[in-house]
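Just remember that the numbering used here sits 23 ahead of the position in the sequence shown, which is counted from 1.
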Amino acid sequence: MVKLRLKRCGRKAIYRIVAIDVRSRREGRDLQKVGFYDPIKNQTYSNVPAILYFLEKGVQPTRTVYDILRKAEFFKEFQIYFDKKRKEKQES
24 MVKLRLKRCG
34 RKAIYRIVAI
44 DVRSRREGRD
54 LQKVGFYDPI
64 KNQTYSNVPA
74 ILYFLEKGVQ
84 PTRTVYDILR
94 KAEFFKEFQI
104 YFDKKRKEKQ
114 ES
């Protein structure tokens, strides 16, 4: 199973948001980098198309990544997109 989770990089507390197999360790090989998070400066960058692609495929974010994306208002912005996709699946 694949999840969106944090991967630490650098000496300071800076994390990449990556799609990675759950059986891999935190510093293991990731499938794709989809963003980064800096808790010191409280900055977040996310590759929106990549995150949407993985969420459509059923990838679950960890609780921490979900909170980061929620604080960045990722889900508010794309709620309409997800609702539209759900309706299309129900009609099919």
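Every residue, glycine too, gets a C-beta built ideally from N, C-alpha and C.
Neighbourhood of residue i by C-beta, 7 Å cutoff - its chain only, sequence neighbours within 5 removed
i, result
"A42", "V25, L27, D53, L54, Q55, V57, F77, V82"
"R49", "K30, R31"
Candidates the options, of which the one nearest residue i by Cα
i, options, result
"T85", "N65, D44, G51, A36", "D44"
"K64", "K35, E111, T87", "K35"
"I37", "D61, S47, R46", "D61"
Own chain partners of residue i with C-beta closer than 8 Å, once the 5 adjacent residues on each side are dropped
i, result
"D97", "Before going on, a small fix: residue 97 reads as Phe here, not Asp. The residues are S69, V71, I74."
"K94", "T67"
"T87", "R28, L29"
Neighbourhood of residue i by C-beta distance below 6 Å, restricted to the same chain and skipping five residues each side
i, result
"R39", "K30, C32, K56, F59"
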